[in-house]
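The numbering of the sequence shown is this note's numbering, which starts it at 32 and goes up by one.
Glycine included, every Cβ here is placed at the ideal spot set by N, Cα and C.
Predicted, not measured: the structure shown is a model, and the values here were computed from it.
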Amino acid sequence: MEEFKSINDILDFAIASEQEAVDFYTKLSEQAKNEAMKKVFLQFAKEEMGHKARLTNIKEKQLFEFKEEKVTDLKIADYLVESEAKPEMTYQDFLVVAMNKEKAAFKLYYDLAKIAPNNKLRDIFLSLAQEEAKHKLRFEIEYDDYVLKEN
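In structure tokens form, the structure reads like this:
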């Protein structure tokens, strides 16, 4: 299993994950059943773009001093979620993938916060984790409203 070798590897992975989320939520907005959810998905895409910008800033300014041995304990597979949009996917399928993506993003940022070498970086990662948890909750509510009430 491939491991992160440096904080830059972690940040590159997180930045790429945020871009995938932007693309995913933009696609979801195009397939949304109602205008309210279309707006929610577009807002999430915008928020994920903000996350990407924050992470890019952290990387560019090198706001970290991680010790190598702590970083190598994070395994990439722990944070991967199959997120390729397929034509046959239903709205329910998209919601399930979205919940799983947000859960994986929460875990990544929470784990990064635990090993952050300073309070500033820890607080940034905890803030990102909290935002991802809120996204997951919103999708769970939509799943409950849309899927469970229709079945």
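Between the alpha carbons of residue 89 and residue 49 lies a distance of about 14 Å.
Residue 69 sits in a helix when the DSSP states are folded into three classes. No residue range can be given for residue 93, since it is assigned to no alpha helix (DSSP H) and is classified by DSSP as neither H nor E. For secondary structure counted as the alpha helix (DSSP H) over 4 or more consecutive residues, the region 114-181 holds these complete runs in sequence order: 122-146 and 150-174. Looking at the backbone, the Cα of residue 173 and that of residue 145 are separated by about 31 Å. Less than 9 Å separates the beta-carbon of residue 159 from that of residue 86. DSSP, reduced to helix, strand and coil, places residue 58 within a helical segment of the structure shown. Your pair residue 163 and residue 125 does not check out as a contact, with CB atoms roughly 17 Å apart and the cut at 8 Å.
Excluding residues up to 5 positions away in sequence, 49, 52, 53 and 56 lie with their Cβ nearer than 7 Å to the Cβ of residue 79 in the same chain. DSSP, reduced to helix, strand and coil, places residue 63 outside both helices and strands of the structure shown, so it counts as coil. Across the set 177, 38 and 143, the C-alpha of 143 shows the shortest separation from the C-alpha of residue 161.
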